Structure formats: structure tokens, C-alpha cells
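This report concerns only the one structure given below.
2 protein chains.
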Amino acid sequence: MLSDRRQRVLSALIEEYVARALPVGSRTLTERYALGVSPATVRNDLSALEDAGYITQPHTSAGRVPTDAGYRAFVDDLLSGGLAWDEAPHQDVVDQLRATATELDALMEQTSAALARLTDCLSVVVAPSLMAARIRQVSLVSLSDHRALVVLVAEDGQVANRQVSFADAVAPEALARIQELLNRLLAGRSLAEARAAAYEAVPEALADPLVRLVLEEVAACVQESGLGRAHRVGVSSLLRKPEFAQAQALAPIMSALEDDTVLLHVFDDALDGSCAPCAVRIGRENGAEALAGVSVVASPYGWGDGAGVVAVIGPTRMDYSLVIRAVRAAQRALSDE
Amino acid sequence: MLSDRRQRVLSALIEEYVARALPVGSRTLTERYALGVSPATVRNDLSALEDAGYITQPHTSAGRVPTDAGYRAFVDDLLSGGLAWDEAPHQDVVDQLRATATELDALMEQTSAALARLTDCLSVVVAPSLMAARIRQVSLVSLSDHRALVVLVAEDGQVANRQVSFADAVAPEALARIQELLNRLLAGRSLAEARAAAYEAVPEALADPLVRLVLEEVAACVQESGLGRAHRVGVSSLLRKPEFAQAQALAPIMSALEDDTVLLHVFDDALDGSCAPCAVRIGRENGAEALAGVSVVASPYGWGDGAGVVAVIGPTRMDYSLVIRAVRAAQRALSDE
DNA sequence: GTTAGCACTCGTCAGCGTCGGCTGCTAGAA
DNA sequence: TTCTAGCAGCCGACGCTGACGAGTGCTAAC
Numbered sequence: 001m002l003s004d005r006r007q008r009v010l011s012a013l014i015e016e017y018v019a020r021a022l023p024v025g026s027r028t029l030t031e032r033y034a035l036g037v038s039p040a041t042v043r044n045d046l047s048a049l050e051d052a053g054y055i056t057q058p059h060t061s062a063g064r065v066p067t068d069a070g071y072r073a074f075v076d077d078l079l080s081g082g083l084a085w086d087e088a089p090h091q092d093v094v095d096q097l098r099a100t101a102t103e104l105d106a107l108m109e110q111t112s113a114a115l116a117r118l119t120d121c122l123s124v125v126v127a128p129s130l131m132a133a134r135i136r137q138v139s140l141v142s143l144s145d146h147r148a149l150v151v152l153v154a155e156d157g158q159v160a161n162r163q164v165s166f167a168d169a170v171a172p173e174a175l176a177r178i179q180e181l182l183n184r185l186l187a188g189r190s191l192a193e194a195r196a197a198a199y200e201a202v203p204e205a206l207a208d209p210l211v212r213l214v215l216e217e218v219a220a221c222v223q224e225s226g227l228g229r230a231h232r233v234g235v236s237s238l239l240r241k242p243e244f245a246q247a248q249a250l251a252p253i254m255s256a257l258e259d260d261t262v263l264l265h266v267f268d269d270a271l272d273g274s275c276a277p278c279a280v281r282i283g284r285e286n287g288a289e290a291l292a293g294v295s296v297v298a299s300p301y302g303w304g305d306g307a308g309v310v311a312v313i314g315p316t317r318m319d320y321s322l323v324i325r326a327v328r329a330a331q332r333a334l335s336d337e
Numbered sequence: 001m002l003s004d005r006r007q008r009v010l011s012a013l014i015e016e017y018v019a020r021a022l023p024v025g026s027r028t029l030t031e032r033y034a035l036g037v038s039p040a041t042v043r044n045d046l047s048a049l050e051d052a053g054y055i056t057q058p059h060t061s062a063g064r065v066p067t068d069a070g071y072r073a074f075v076d077d078l079l080s081g082g083l084a085w086d087e088a089p090h091q092d093v094v095d096q097l098r099a100t101a102t103e104l105d106a107l108m109e110q111t112s113a114a115l116a117r118l119t120d121c122l123s124v125v126v127a128p129s130l131m132a133a134r135i136r137q138v139s140l141v142s143l144s145d146h147r148a149l150v151v152l153v154a155e156d157g158q159v160a161n162r163q164v165s166f167a168d169a170v171a172p173e174a175l176a177r178i179q180e181l182l183n184r185l186l187a188g189r190s191l192a193e194a195r196a197a198a199y200e201a202v203p204e205a206l207a208d209p210l211v212r213l214v215l216e217e218v219a220a221c222v223q224e225s226g227l228g229r230a231h232r233v234g235v236s237s238l239l240r241k242p243e244f245a246q247a248q249a250l251a252p253i254m255s256a257l258e259d260d261t262v263l264l265h266v267f268d269d270a271l272d273g274s275c276a277p278c279a280v281r282i283g284r285e286n287g288a289e290a291l292a293g294v295s296v297v298a299s300p301y302g303w304g305d306g307a308g309v310v311a312v313i314g315p316t317r318m319d320y321s322l323v324i325r326a327v328r329a330a331q332r333a334l335s336d337e
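Protein chains in written order, with the numbering used here: chain U, 1 to 337; chain G, 1 to 337.
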């Protein structure tokens, strides 16, 4: 559809624009990129690319700037051909992260920081939901007569906890009994499985209102485990981008990103139905209106439905090749733990 | 030192400047504030206030703007007299927070969000360190032959965890034995106390290299518990402040605030030696050079050395009265849990 | 100690002309 | 056909200018 040279012109224009954040003219392209043709020819190509919707002029007599569609074509090209998925991307970073992190939370934190530094964009790491994780152990720790703490440990080392309040005082022995029951019910299963199995497996458990109360709290705890566990690093990187020199341009974006539910929704949207190792959403492709000016490169990690998400968010004028490789590296670092 | 009227002129000027973010002139002050004197008199007062270093002119023939020292005088005045500490500040917010939060982490998150909304500034809540917290229970959960998870539960409901790797396979029974030993050693004590007591109380424990390994990990886990547990909410509020309209003005500030160690250091500095319910650091009073343009209102919550911190960070041109009351309310919400 | 009046300062803003970069078009070459 | 060279034209960036107005400091009078 696009002639080979025009594809190259588009790539060159994007590369140049990503690097300098200024509209790119025909002369600049011929001077800095070995296109083998004169500026006049490039002008014709640019005109054609503009007609096709890949680039646009901010105003007459300025150079061209890529549109969302232009970036999209560029990225599709990148993904289909150029990028070697199997090659270890930044393997050193992966190894280093793995070696130093002794806690899942710390690993997430450090990965996010490394990703932000590497890409000079905002990076987000969302902890996997516990919904699909297999439960290793449930502890019930008494805090007082009327309060106890449920602590869930998943097989991958994730930990979640939640307080339970009792209307009447509960003896330590009762807690121990409930704990034992819960472990019989949950150990080795995911919560979803356990729910299905509960009625047949351990019917006597459900007779006890205390057990049911605690079980409900466990469910609530798991449900909420996705929220409030997003690590964001690199806001200051975004502040330094020329497209956000006016802070008000960034304000609605940050408002959206500070809200966990919006963030998770954006990631769900981006990853939905895509089986590629990482999804790229450019500008208006993002569901959220506020994010029309940024691109999201997201990748799931972990397993199954409740997988975590690692993502980079930056201006649409980002170095997609670098970002995609970096996200992929982060995904590896987080997956095999 | 400052005559009563001049004090009032200063307060009026600050109030006006906080509201409009524009240099304030003598006429505006006489028109909007019942000072009972003419603009000319106010001009003399302004001149005196400028000589004393409380206000400054951005340029000749512009109005005046408060300096750090001016804000300082204003805040000292506020703290010494006007602000009724004992009055319930936003008690409804406190109650509402307490009612809905079922988890310490969630309480922190929600408190931070409420604080950011109330003050329209950035709010930060740092979890208390486990250093001073009494340990309720230690669990040792086997993840595989060579790995286990240490889970600490403190008496106030805080939870921390950390993975331990073993060089040789460790049997579940051995883990159970270590767990039992650790509980005998730690339960009801803070880690600091336990360390002191360890040698005499349970000498046989330290003979076992495995126990020592796990104990070391517990110590490391506690040590690190202060880090990576800061909730920040309200970056977008800062982006909307006129002083940060140029994003580059905010970039160094955000760089500093994104770094947990810098953040904790700033809070330590601010709270050091102050026994007031909340510390106010204005502009250059902050240790960190990058934070010269913002004010920090911080308050410890919880108990003892490892107390958590709740703080609001905004432009020096902030509504100190509102912010101080809000921080105080947040501190209450977090303290009595 | 306070006030009115006045001269002065200086940043802001709109208007204007120059400069330079980039385009589209057309005619001619490969 | 496809590419190239040259040219006319467009338009934003930038620097200059003068009018405007907000605000000050000073002085003399109350």
C-alpha cells in the first residue's frame, strides 16, 4: 500500500520528530537520512503521506508531524518485522533486578524505577490480582477480643491482609479452628476454585456463621487486592517533555492516572483480546478521553486472569522501539520470579 | 516588634496573595480589608514590612509578595494564637475514614486522598516503620524446598513480609520449629527489644544457623519497612497551581518527591525536635535544595520512634490555616485506629 | 501619625515589519 | 513515468515601539 520509499520517509520523519520534537521538513530529511532522493521528491512523498492521514502540518509553511495513524503504521511495521522478540532485551537489567529483589513488592518497585529510567517516561507496575493465584496458607491472627487479621499467602509469594471485626468476643481457640478449616478449604486452590468446591468439600464449615464471616472477608480482600497496588515512577520525566511544558496540558492526564480504577480500566482495554506480548495504544486509541495525548505500552505478567500489568506511559512522541523492548524486559523480570 | 496594624496588613496581604496569586498593592488592601487607614498609610507599612524582610517586590511598580520569612511570621502567629487545636477539625472526615477502612493500607490510601482533595495540594502518607512496633506473630510459610516467606504481623495490624532463600533444602518440620522459636523470641516485643533480649532469653536459638539466617531476614524486613510505603496523591493539584504553570518548575520538585529516601529525610528534618502536633517548613527552610519553592506541613502519627508521617506539600503560597487543620485531622484519623 | 497629590518607574500588550523555513507548483531532465 | 531544480508565496517567530496602567516613594499639609 505504501511504497517502500514512502515507508522509509515516514520512519525517518518519526525518528527525527521523536528526537527533536520539532516539525520536520523535507530538507532535514534528505540531509540526515540516506533517502537517495532530493528534497523535492521527498516533498511529494510527504504530500502523499499527508493525504493518507499519516502526517499533518501544524500550520502552513511548517514541517510535518506524525498523526496517531502515522505512529500506528510505524509501530505495526516495527512489530511485524523489525523487532526481534526472542532476542534477550536488556538481559542484564533483567538479571540484576532478579538478583537484588527479595520481596515481590520490592521487585515491582525496582522494576518500575528501572523502566522509568530506561525509557525516560512514566512507568506503572500493577500487582497481580490474587483472584487467580493459588493460596498457600491462610493465617488468622488475633489482634484483640473483637478483631483479628486475615493474612493470605499465595504460592507465588504474594501476601494480602485484611482486618475482621467480630460483634462478640471470639476465643483464640475458635480462631485456630476457623484457621484450620480455611486452610483445608483454600490451600492449593485459587479463591475461585475454592468457592466452587466449598459447598461439597467442607459442608460443615458453612454452618458456622463465624467461618462465613471470615470467608467473606477473605473474598473481599482478594477482590480489592488489585486496587491500590499500582507503583508509579517517572512523573518528573513527563514534566520534562516539551509537549507538557505547559503544566495544564499534563493536569488532566495526571488526574486520570492517579485514579486506580481509571488506570486499571485503561490497561484492561489495552490488553483485551490482544495476544501479543505487549499492547500499544496510541493517543486516541486509549479508551479514556483524558489520555488522548499519550501512548500506553502495556504488557501482562504473571498467569491467568488476574495477571499483573507492567506499562510505560509517555507522549505519543515516544521511542516506541526502545519502550517496547524495555517493557518486554520488565515483563520477563516480573514473570519468572 | 511588629505593630498590630502592620501584623494585620501582613496577614491581609498574605490572604490576598494566597487567593489570587498576584502581587498585592496598597489600594487593593484598603479596598478589600477593613484596615481603617488610607492606601498611603498602608504604603508606609508595606515599605516597613519590606525593610524587615517579610515581603518583597518582584519589580519596581508591582505590588508586594510575601517572602518565606513573611509566611513564617504569619504561620507563627497562626500557631501561637488563632488556631484552636482542641477543636475537632473536620471531625466528620475523621469519622468517615475510620468507618470505611478495613485495612491499614486502605486507611492510609483513603486518608491521603481525602487530604489531597481537601487542601488541593499533594498529600503524602508514610506507613509507620515496624522498628518500634510490637510483633504479634511471625509466620514462616514454605514456598518451595529452598524458599520460604517470613510474614510479620504487628499488634497494630501492620503486616510485612520477605522471602528467604536457603542454600540447602529445609524440611517443613524445621520451618515449624524455627517459627516457634521466633515467636517465643519476638511475640509482644518490638524488634529492638527482642534483639537485646535474644542472647539471654533464648540462647539455644542462636546456635542454629538457620534461625540466625531467618532472624537476619526479619531484621532486614523491618529495616526496609519504612521505605516504599509512601502514598502520594494530588500531583495533578500541583500541576494546576499558577506557580507551576511551567512544568519545568515542578520537575526538580517531583524528582525529589519521587525518591523515598529524600522524602523521608525531609520529614525527619521537619519533625526533628519539634513537639508541636505538626511541623511547618516553608520554602528554603526545607533541607532539600529542590524543595526551596514549596512548603511542607507534616505531622507524625502512631507511636514512638518509628511513627508514620502524614504531610501536605504545596506551593509556599498555600492556605496554611486550612492545610494545618486538615493535616491535624488526618493525623487523628490515622492515630487512634 | 496620617493623608492627598504628584511625578516616576516599569511590566504588559497590541501593532508592525523583518526574517527564515517550508511548501506547492511548474518546467525540464533522466 | 519518475525525479529534480527553481521559484513564488505563506506564515510563524522574533524584536521593536509606543500607549497604558498599576503601583510606588516623596513631599507637604492636616
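Even for Gly, the Cβ is constructed at its ideal location relative to N, Cα and C.
Computed from a predicted structure; not experimentally measured.
With contact defined as three or more Cβ pairs closer than 8 Å, the segment 164–171 of chain U and the segment 234–248 of chain U are not in contact. If the five residues before and after Ser112 (chain G) are omitted, its C-beta is found closer than 6 Å to the C-beta atoms of Ser123, Val125, His231, Val233, all from its own chain and listed in chain order. Within chain U, the residues whose beta carbon sits less than 9 Å from that of Ala245 (chain G) are Gln246, Ala247, Gln248, listed in sequence order.
Comparing alpha carbon positions, the residue from U:Asp68, U:Pro66, U:Leu49, U:Arg147 closest to Ala174 (chain U) is U:Arg147.
For Leu152 (chain U), the three-state secondary structure derived from DSSP is strand. As a beta-bridge residue in DSSP terms, Leu140 (chain U) pairs with U:Val150. As a beta-bridge residue in DSSP terms, His231 (chain U) pairs with U:Val125. Annotation for Ser295 (chain G): the continuous beta strand (DSSP E) segment containing it runs 294–301.
In this chain, the alpha helix (DSSP H) harbouring Pro39 (chain U) covers 39–51. By the Cβ neighbour-count rule, Ser190 (chain G) is buried, with 16 or more other Cβ atoms within 10 Å of its own.
Within a 10 Å sphere around the beta-carbon of Glu216 (chain U) sit fewer than 16 other beta-carbons, which makes this residue exposed. In the structure shown, Gln110 (chain G) falls within a helical segment according to DSSP collapsed to helix, strand and coil. DSSP places Pro277 (chain G) in the coil class of the three-state scheme, outside both helix and strand. Minimum Cα-Cα distance from Ala73 (chain U) among the listed residues U:His59, U:Gln57, U:Leu13 corresponds to U:Leu13. Here Arg64 (chain G) carries a strand assignment [DSSP, helix/strand/coil].
Taking 7 Å as the Cβ-Cβ cut-off, the segment 137–151 of chain U approaches chain G at Gln137, Ser139, Val141, Leu143, Leu149, Val151, given in chain order.
Using a Cβ-Cβ distance cut-off of 8 Å, the segment 134–148 of chain G and the segment 176–195 of chain G are in contact, since at least three pairs of beta carbons, one from each stretch, lie closer than that value. Within the segment 157–189 of chain U, complete beta strand (DSSP E) segments of at least 3 residues are found at 159–165, given in chain order.
The Cβ atoms of Glu155 (chain G) and Arg134 (chain G) lie closer than 8 Å to each other. At a C-beta separation below 9 Å, Ser236 (chain U) has these neighbours in chain G: Leu250, Ala251, Pro252, Ile253, Met254, Ser255, Ala256, Leu257, Glu258. Distance from the CA atom of Ala160 (chain G) to the CA atom of Leu186 (chain G), rounded to whole angstroms, is 14 Å.
If you look at Ala311 (chain U), you'll find it in the beta strand (DSSP E) that goes 308–315. For Gly157 (chain G), the closest Cβ of chain U is nearer than 8 Å. With a beta-carbon spacing of about 7 Å, Gly293 (chain G) and Thr316 (chain G) fall inside the 8 Å limit used to define contacts. For Phe267 (chain G), the enclosing alpha helix (DSSP H) begins and ends at 260–271. A straight line joining the alpha-carbon of Arg64 (chain G) with that of Leu107 (chain G) spans about 42 Å. Straight-line spacing of the CA atoms in Ala192 (chain G) and Leu182 (chain G) works out to 14 Å. In the three-state scheme derived from DSSP, where H, G and I count as helix and E and B as strand, Arg134 (chain U) is classed as strand. Closest by C-alpha distance to Gly188 (chain U), out of U:Val218, U:Ala207, U:Leu210, U:Val153, is U:Val153. For the C-beta of Leu239 (chain G), the chain U residues within less than 8 Å are, from N- to C-terminus, Ala247, Gln248, Leu250, Ala251, Met254. Under the three-state reduction of DSSP output, Gln331 (chain G) falls in the helix class. Not a single C-beta of chain G is nearer than 8 Å to the C-beta of Arg134 (chain U).
Boundaries cannot be given for Ala290 (chain G), as no alpha helix (DSSP H) includes it and DSSP labels it neither H nor E. G:Asn286 is the residue among G:Asn286, G:Val327, G:Val222 whose C-alpha sits nearest the C-alpha of Ile253 (chain G). For Val233 (chain U), a Cβ of chain G is located within less than 8 Å of the residue's own Cβ.
Ala48 (chain U) places its beta carbon 8 Å or farther from that of Arg20 (chain U).
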